[in-house]
Structures are given as structure tokens and as C-alpha cells.
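For reference, the structure is listed below as C-alpha cells.
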Amino acid sequence: MTDRIMVIDDDDDFSEYLAVLLAGAGYVVDTFSNAQEALDSVGLVAPSLILCDLVMPGMDGFQFIHKFRHRYPDGAHIPVVLISAKNNITEVIKAKFSGADDFIAKPINQALFLATVTCRLEQISRIRKGDLAFNIFRSEGNRTGKDHDLYKTMCAALEAGEFCAHYQPKVSRDGVIHGAEALARWIHDGKTVLPPNTFIPIAERYGLILPLTDSLLNQIKMDVENWDAKGPSDINISVNLSPVHFSFENFRNIIEHIPSKIFNQISFEITETSLLGNIDKVGDLIRHAVESGSQIFIDDFGTGFSSLSYLQNLPVTGLKVDKSFVDNCVTDSRSGALVKSILDLAAIFDLDIVAEGVENEDQKAFLFDAGYDELQGFLFSPAVSSTHFEKHYIAPNYDQLPKPSLGMQH
Ligand code: C2E
Ligand code: CA
Ligand code: CA
Numbered sequence: 078m079t080d081r082i083m084v085i086d087d088d089d090d091f092s093e094y095l096a097v098l099l100a101g102a103g104y105v106v107d108t109f110s111n112a113q114e115a116l117d118s119v120g121l122v123a124p125s126l127i128l129c130d131l132v133m134p135g136m137d138g139f140q141f142i143h144k145f146r147h148r149y150p151d152g153a154h155i156p157v158v159l160i161s162a163k164n165n166i167t168e169v170i171k172a173k174f175s176g177a178d179d180f181i182a183k184p185i186n187q188a189l190f191l192a193t194v195t196c197r198l199e200q201i202s203r204i205r206k207g208d209l210a211f212n213i214f215r216s217e218g219n220r221t222g223k224d225h226d227l228y229k230t231m232c233a234a235l236e237a238g239e240f241c242a243h244y245q246p247k248v249s250r251d252g253v254i255h256g257a258e259a260l261a262r263w264i265h266d267g268k269t270v271l272p273p274n275t276f277i278p279i280a281e282r283y284g285l286i287l288p289l290t291d292s293l294l295n296q297i298k299m300d301v302e303n304w305d306a307k308g309p310s311d312i313n314i315s316v317n318l319s320p321v322h323f324s325f326e327n328f329r330n331i332i333e334h335i336p337s338k339i340f341n342q343i344s345f346e347i348t349e350t351s352l353l354g355n356i357d358k359v360g361d362l363i364r365h366a367v368e369s370g371s372q373i374f375i376d377d378f379g380t381g382f383s384s385l386s387y388l389q390n391l392p393v394t395g396l397k398v399d400k401s402f403v404d405n406c407v408t409d410s411r412s413g414a415l416v417k418s419i420l421d422l423a424a425i426f427d428l429d430i431v432a433e434g435v436e437n438e439d440q441k442a443f444l445f446d447a448g449y450d451e452l453q454g455f456l457f458s459p460a461v462s463s464t465h466f467e468k469h470y471i472a473p474n475y476d477q478l479p480k481p482s483l484g485m486q487h
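Position one of the sequence shown corresponds to residue 78 (our numbering), numbered consecutively onward.
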């Protein structure tokens, strides 16, 4: 069951900020600007964790904890984390004695904040497993000690630089590779290459996705600069972002840290989930990025929520049509029609269109004939290491040799 987090803060902007961050990490969030109202709603909301501002008019954070602990003895297991700009030792000690389980100082560090929240939730999940009172407050969650161990291993792996980007080429109709998608890989123990489904969900939940993406971007920037220095590659690399990045500063920070000379060579893929409940803020970030010259693609298009109104309002560059539609586009007439109708949609909104998961020649022919701009899939190449990508897909351009063709070597 998804954990529910109650956020109490009289500063609506800050509440919303935390809500976006937590929703991005997969939590359900209820915000309250008034502590009394929050107190009255605890039974109804049944939160797994409460985040409470220290300084509020009326009832402050200390008073809230005092009343909460008296009024809801069955909720003794629910951690209350106090948040305050007052980051001095006296306040922290006072917070501990008031019954707070933790104390977070403003301005918050996003990765640390998410890690604190998740660790707290896991602690209680372990302590209270099987406890009836705990189950009444329905905070079972599906996280286990194993996840936490993996989190700790990942922290060490990040420090040791074990994560890297592999590149999967995108091929245009003339057979030229103008771009690639960067896909995270964990090179464990110097030899085992772990795929992202083994670590991205945990990284998102614990906030580690932020430093992880930063570290991938550092590699991508170096690779692109290196390729450009050797020859005019003009290659465009797309980077996957998580909903967590669409908290206020993060995506903005990413954009600001891309050197201007390679700005138009880095694009971003975001899923429709990043837009959920957050469309105005994400819209501003996307507009800012696109106005600065960046390109944004909607990833896994067709698998998210079906409201397409965002296409009208957001200046996204293009759509990446999900593999599930590509799989049957030749054999199933309805899938085929759907794949074509997405093209019509793209034409209306003047969007680029990429299909992913192309595995055979029939699909390739169907999609290029239909009008797709670029294709990506195992038919052409899986994601390969940076060295392999350079050698096979970029280096041929350095000396103006014939460009790599569709039947590429792996
Ligand atoms: P995605 O963004 O949809 O990436 C495409 C996935 O499809 C990749 O899997 C790619 O290897 C796989 N794929 C491409 N062509 C084919 C094909 O023809 N057939 C099949 N069966 N699969 C194909 P991968 O690398 O395992 O990545 C899985 C997912 O993990 C990605 O899906 C993305 O959601 C996430 N991911 C990967 N790297 C990152 C990252 O750096 N940041 C974030 N936030 N997510 C990432
Ligand atoms: Ca993607
Ligand atoms: Ca995708």
C-alpha cells in the first residue's frame, strides 16, 4: 500500500514544494496549513508519517506533537518530523524532547530529505510489522530491509563512480544516427552490468536519483564535448528524468549546469507521470528549458494518463511512442492504426516523433512508411558503452567516412 504523508505548514508554497517532491517519489500527500485542522484529520487520513512545520501561528509544531501524542495513543508508531528554519542545537534538542522523531532544517536538501522520509518509514515498517495498531494506520508498505541494504550499497556505488550511461542510438530514415538515449547502468564489482529496473525504483524512492542523474550528466557532458572536439558530431543525447526532478530547483539546476556550447546537444525524456498534479510548475520548468534551447520529449507516450490537453499548453519537442504499440503495429490492425493516429496528433502540434522498441524489419518499414522521424530498438542496436558508441557510431563521422548504416554492428 502506498504510504500517506501528512504535511503541515502555514507556508502554502513550501507545503506544495514538499508535496511535489514526495509525490514524485511515489507517496500520497495531504497538506494542511492549519495544525488544528490537521490534528482533527489524523484519524481520517491515517498517515504513515507526519511532517510538521515548527513555527506556525496558533498551534506550533511542539504543541501539535504534544496534542497528537495524547489524542492518538494508537498512532504512537507514526513518526513526526519537525521542519524548521531554526537550525540551532537548542531547537533540535527541544524538538527531540517534544516527542519529534526527527528534525529537518530549512532550506532542505532534497536528496537528504527524501532519504530521511523513506528511512523513517522503513524503520517503522520493520518495528511494527504484524502489529494490529500499526495496521489500523495502514502503513504496511512493501519496502523491506533488503531495499534499505540496496540503498546503502547504492550510496557507496555512487561514491565509487560505479554508475554510468550507456547509449542506444536513434536512427533516422536515411540511416544516420543523429542521437541516442542515455540509459543508466550499474557496473557492479567492476564486471556485472546491472540494468536500471534493479536500481532506478529504489533510487527514486530514496532521492538518490538526483545525485545519480547528476553523475550520469557529468559523464554525458564529457562524452559529448569529447566527441565534438574530435569531429563535428552534432550528436544529441537524451537523458531520462524522474518525477522527482520536477521539484522546483532541480531541473532548473540541471539546465543551468549544461555548458552553452553543448546545450542543444542534450535533450530530456519525461514521462506523463511527471506532469500529474503538477502541470503548472512542470510547465514553467519546461518552458524555461525549451526557451533556453533544450528539447523535451514525452516518454512512453500512450501509456500514461489520457488527458492530452497538456500537448496544447506545453512546448514539448516531441513524443516517444511506447514499445507496447510498436510490438504489434504490423500484425494487429488496431495497433497499426493507433501508431498512425499518434502521427496525426504529432502533426497537429508540430511535434517530432520517435518510436522505440523496434525489433524487426517489418516494424521498421511500417513505421518509416507511416512517417516516423526516428526509430530506436534492438533491431539497430541495444544500449552500448560510451567507448563502443564512439567507435562504431560516431568515429565514422570524424573523417567524413560513410555514416553508419541501419544494419549496424554490435
Ligand atoms: P525507457 O526510458 O523507456 O528506455 C527504453 C528501454 O527499452 C531501455 O531499457 C532499452 O534498453 C529498452 N529497449 C530499447 N529497445 C528495445 C527493443 O527493441 N526491445 C526491447 N525489449 N527493449 C528495448 P533499460 O535500459 O533497461 O531501461 C529501462 C527503463 O529504466 C527506462 O525505460 C527508463 O524508464 C529507466 N531508466 C533508464 N535509465 C534511466 C535514467 O538515467 N534515469 C531515469 N530516471 N530512468 C532511467
Ligand atoms: Ca526513455
Ligand atoms: Ca520509453
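Ideal placement from N, C-alpha and C gives every residue a C-beta, glycine not left out.
Discussion item. In the DSSP output, which residue or residues are listed as bridge partners for S161?
Written reply: S161 has A182 as its beta-bridge partners, per DSSP.
Discussion item. Measuring only the C-alpha atoms, how far is S337 from W304?
Written reply: Approximately 16 Å between the Cα atoms of the pair.
Discussion item. Measuring straight from C-alpha to C-alpha, what distance separates M83 and I181?
Written reply: Their Cα atoms are separated by approximately 15 Å.
Practice prompt. Just the C-alpha distance for Q296 and A242, rounded to the nearest angstrom, thanks.
Written response: The alpha-carbon atoms of Q296 and A242 are separated by roughly 7 Å.
Discussion item. In chain order, what are the residue ranges of uninterrupted alpha helix (DSSP H) at least 4 long that sit wholly in the segment 271 to 351?
Written reply: Within the segment 271 to 351, the complete alpha helix (DSSP H) segments at least 4 residues long are 277 to 282, 286 to 307 and 325 to 333, listed from N- to C-terminus.
Fill in: Cβ neighbour criterion (16 or more within 10 Å) applied to I170
Burial call: exposed.
Worksheet entry | Separation of F340 from V435, as counted between CA atoms | As the crow flies, the alpha-carbon of V435 is around 28 Å from that of F340.
Fill in: Closer than 6 Å to ligand 2: residues, by C-beta to nearest heavy atom, in chain order
Here the residues come out as E258, N317, E346 and D376.
Discussion item. Within 10 Å of its beta-carbon, does S92 have 16 or more other beta-carbons around it, so buried, or fewer, so exposed?
Written reply: With 16 or more Cβ atoms within 10 Å of its Cβ, S92 is classed as buried.
Worksheet item: In or out: Q389 buried (at least 16 other Cβ within 10 Å) or exposed?
Response: It counts as exposed.
Worksheet entry | Heavy atom of ligand 3 within 6 Å of E349 beta-carbon | For E349, the Cβ stays outside the 6 Å cut-off from all heavy atoms of ligand 3.
Practice prompt. Report the option in A424, S371 and D357 whose CA atom is closest to the CA atom of G346.
Written response: Residue identity check: residue 346 is Glu in the sequence provided, not Gly. Of A424, S371 and D357, the smallest CA-CA separation from E346 is found for S371.
Item to complete: Report yes if the C-beta distance between A472 and L452 is below 7 Å; otherwise report no.
Response: In this structure, A472 lies away from L452, with their beta-carbon atoms at least 7 Å apart.
Practice prompt. Compute every distance between the C-beta of P273 and the non-hydrogen atoms of ligand 1, then say whether any falls below 6 Å.
Written response: Yes, the Cβ of P273 comes within 6 Å of a heavy atom of ligand 1.
Worksheet item: Helix, strand or coil for T35 per DSSP?
Response: Nothing can be reported for residue 35: it is not among the residues displayed for the chain, which extend from 78 to 487.
Practice prompt. Take C444 and list the residues in its own chain whose beta-carbon comes closer than 8 Å to its own, dropping the five residues that flank it on each side.
Written response: According to the sequence provided, residue 444 is Leu. The question's Cys does not apply to it. V403, C406, V416, A432, V435 and L452.
Worksheet item: DSSP three-state call for G120: helix, strand or coil?
Response: In the structure shown, G120 falls within a helical segment according to DSSP collapsed to helix, strand and coil.
Worksheet item: Just the Cα atoms here: how many angstroms apart are D118 and A153?
Response: Strictly speaking, residue 118 in this sequence is Ser, with Asp absent from that position. S118 and A153 have their C-alpha atoms some 16 Å from each other.
Fill in: Limits of the unbroken alpha helix (DSSP H) element including H143
Residues G138 to R148.
Discussion item. Considering only heavy atoms of ligand 3, does any lie closer than 6 Å to the CB of E436?
Written reply: Between ligand 3 and E436, a heavy atom-to-CB distance of less than 6 Å is absent.
Fill in: G138 beta carbon near ligand 1 (any heavy atom closer than 6 Å)
No, Cβ of G138 sits at least 6 Å from all heavy atoms of ligand 1.
Worksheet item: Measuring CB to CB, does I373 end up less than 7 Å from V398?
Response: Result no, Cβ atoms of I373 and V398 do not sit closer than 7 Å.
Discussion item. So C129 and V157 are supposed to be a Cβ contact under 8 Å. How far apart are they, rounded?
Written reply: Between V157 and C129 the Cβ distance is about 6 Å, and since that is below 8 Å, they are a contact.
Worksheet item: Can at least three beta-carbon pairs, one atom from the segment 189 to 197 and one from the segment 248 to 258, be found at a separation below 8 Å?
Response: No, the segment 189 to 197 is not in contact with the segment 248 to 258.
Worksheet item: Can T108 and A96 be called in contact, C-beta distance under 7 Å?
Response: Cβ distance < 7 Å, so T108 and A96 count as in contact.
Discussion item. Assuming G343 and G256 are in contact, meaning their beta carbons sit under 8 Å apart, how far apart are those beta carbons, in whole angstroms?
Written reply: Checking the sequence, you will find Ile at residue 343 rather than Gly. Between the beta-carbon of I343 and that of G256 there is about 10 Å, and that puts the pair past the 8 Å contact cut.
Item to complete: Say yes only if the C-beta of E433 is nearer than 6 Å to one or more non-hydrogen atoms of ligand 3, and no if none qualify.
Response: E433: yes, Cβ under 6 Å from ligand 3.
Worksheet item: If you compare alpha carbons, which of D361, Y470 and F378 is closest to L391?
Response: Considering only alpha carbons, the answer is D361.
Worksheet item: Under 6 Å from any heavy atom of ligand 1, does the C-beta of F466 make it?
Response: Outside the cutoff, so no.
Worksheet item: Buried or exposed: where does D376 fall if 16 or more other Cβ atoms within 10 Å of its Cβ makes it buried?
Response: Burial call: buried.
Worksheet entry | CA-to-CA distance, R81 to A188, given in whole angstroms | In this model, A188 and R81 are separated by some 19 Å (Cα to Cα).
Worksheet entry | Cβ distance (whole Å) where M231 is taken to contact L285 below 8 Å | Approximately 6 Å separates the beta-carbon atoms of M231 and L285; this is inside 8 Å, confirming the contact.
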